[in-house]
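Written below as structure tokens is the structure these notes are about.
Number of protein chains: 2
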Amino acid sequence: MNKTYRQGQILKLIRSRRLHTQDELARALRSIGIPATQVTLSRDIRELGLIKTPDGYAEAVPDSAAAPEVEPLVREFVRDVRAAQNLLVLRTPPGHANAVAVALDNAEWPEVTGTIAGDDTILIIAPDAKTAESLRQKFLEMLQ
Amino acid sequence: MNKTYRQGQILKLIRSRRLHTQDELARALRSIGIPATQVTLSRDIRELGLIKTPDGYAEAVPDSAAAPEVEPLVREFVRDVRAAQNLLVLRTPPGHANAVAVALDNAEWPEVTGTIAGDDTILIIAPDAKTAESLRQKFLEMLQ
DNA sequence: TATTATTATTCATTTGACTGAATAAAAATT
DNA sequence: AATTTTTATTCAGTCAAATGAATAATAATA
């Protein structure tokens with residue numbers, strides 16, 4: 079069973095009814111044909127940034143929600159990294175730039191003053207040229 | 079060595095100089111620290127939709143460029159699929175909707191009249207409700 | 001056409017992501 | 001505080017993607 083879909087159904091379930099424990103959630107999922115153990119749900123809950131409330135599991139307020147990790151996204155989607163002055167230009171396959179930029183924004187690195195994403199290009203504004211270059215190195219290391 | 083990055087560097091290389099054979103390309107890559115065999119490059123070239131011209135390998139004109147496969151993207155990114163009348167709503171993690179929509183647009187399925195993508199939501203317009211429902215099934219099967 | 005050069009495919013191996021069983025850790029309850 | 005319930009972690013197994021060696025298929029050239 080597909081992980082992203084399972085996580086989507088977890089979100090759907092906790093929005094529609096109160097689920098207080100991971101075992102309860104496991105049963106709810108099983109009833110819609112998605113088998114998963116408590117171990118897997120523990121991981122899903124962390125990845126989705128869910129929090130446990132007296133009313134059951136709930137989504138965290140946006141800013142504290144689980145931020146996607148930068149490195150896996152860079153490793154999967156970044157085709158090229160170029161520096162120009164204090165700017166960095168990352169290229170991705172078509173349509174993927176935004177996802178990488180979202181992760182970068184959430185990460186709130188000091189080296190990243192801001193980002194703008196198009197369809198296959200991300201512009202990263204760094205504080206200065208030196209930082210941009212070291213940031214470039216950081217990305218290249220992620221790409222090995 | 080990372081696949082997406084290697085493919086990005088292949089694009090960069092063929093834009094900057096004429097590379098006539100896959101072995102030539104392999105050598106060019108090796109010189110910038112990216113080891114790859116001819117076998118791997120044969121696959122990369124297909125995935126990138128490159129074409130062989132008298133001036134060496136080149137990118138295909140956009141429309142005939144290699145379209146990303148729908149199924150792997152759906153499997154990796156789609157969290158939920160809902161139908162309403164002749165419309166289908168797909169949900170993805172933040173930032174990934176566009177990539178899936180790009181693949182759907184390129185696929186030019188008869189069941190998909192058009193798509194609109196936001197940040198984490200894709201609206202698919204189908205010709206009619208029946209088609210929308212069968213399309214929903216198609217997606218659910220991809221997700222197993 | 002025969003030969004050589006180039007590219008694509010098959011098969012086996014490697015690698016990493018995902019998952020579950022067992023269990024440790026933490027929280028809740030008695 | 002002791003017990004029970006719930007959650008997180010470790011370790012090992014499974015599976016799919018990525019890759020290369022060998023080789024088949026195709027294209028270019030003599």
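Protein chains in written order, with the numbering used here: chain A, 79 to 222; chain B, 79 to 222.
Think of the CB as a built atom: it goes at the ideal place given N, C-alpha and C, for glycine as much as any other residue.
Between the alpha carbons of Arg93(B) and Ala136(B), how many angstroms are there, rounded? Rounded to the nearest whole angstrom, the CA to CA distance from Arg93(B) to Ala136(B) is 7 Å.
If you compare alpha carbons, which of Ser120(A), Pro150(A), Gln87(A), Thr118(A) is closest to Ala106(A)? Cα-wise, what sits closest to Ala106(A) is Gln87(A).
Beta carbon of Ile203(B) nearer than 9 Å to that of Leu168(B): Cβ atoms of Ile203(B) and Leu168(B): not closer than 9 Å.
If we define contact as Cβ-Cβ less than 9 Å, is Asp197(A) a contact residue for chain B? When Cβ-Cβ separations below 9 Å define contact, Asp197(A) makes contact with chain B.
Report the residues of the stretch 118-130 of chain A with a CB closer than 7 Å to any CB of chain B, ordered along the chain. Of all residues in the stretch 118-130 of chain A, none has a C-beta nearer than 7 Å to a C-beta of chain B.
How many Å lie between Thr191(A) and Asp197(B) at the Cα? Counting only the Cα atoms, Asp197(B) lies some 22 Å from Thr191(A).
Where DSSP assigns a beta bridge to Thr99(B), which residues make up the other side? According to DSSP, Thr99(B) bridges with nothing at all.
Quick check on Lys216(A) - is its C-beta less than 9 Å from some C-beta in chain B? So no, Lys216(A) is outside the interface.
DSSP state of Val178(A), grouped into three classes? Annotated three-state conformation of Val178(A) is helix, per DSSP.
According to DSSP, is Ala104(A) helix, strand or coil? Helix.
Taking the runs of the beta strand (DSSP E) that are 3 residues or longer, which of them lie wholly in the stretch 142-171 of chain B? Correct list: 158-162, 165-169.
Measure from the alpha carbon of Asp133(B) to the alpha carbon of each residue in Arg214(B), Arg160(B), Arg96(B), then state which is nearest. It is Arg96(B) whose Cα lies nearest to the Cα of Asp133(B).
Cβ atoms of Gln85(A) and Asp122(A): under 9 Å apart, would you say? Using a Cβ distance threshold of 9 Å, Asp122(A) and Gln85(A) count as a contacting pair.
Nonlocal neighbours in the same chain, by C-beta distance under 7 Å from Asn176(B), ignoring five residues either side: Excluding residues within five positions, the ones whose Cβ falls inside 7 Å are Ala195.
Measuring only the C-alpha atoms, how far is Thr131(B) from Thr115(B)? Here the C-alpha atom of Thr131(B) lies approximately 21 Å from the C-alpha atom of Thr115(B).
Contact belief for Pro146(B) with Pro171(A) at Cβ below 8 Å, rounded distance in angstroms: So it is a contact: roughly 7 Å between Cβ atoms.
Nearest candidate by alpha-carbon position, reference Met79(B), set Val180(B), Ile110(B), Val152(B), Pro188(B): Out of Val180(B), Ile110(B), Val152(B), Pro188(B), Ile110(B) has the C-alpha closest to the C-alpha of Met79(B).
What is the residue span of the beta strand (DSSP E) that Ile110(B) lies within? Careful: Ile110(B) lies outside any beta strand (DSSP E) and carries neither H nor E.
Around the C-beta of Ala138(B), are 16 or more other C-beta atoms found within 10 angstroms, so that it is buried, or is it exposed? It counts as exposed.
Could you pull the DSSP bridge partners for Leu201(A) from this structure? Partner(s): Val167(A), Ile194(A).
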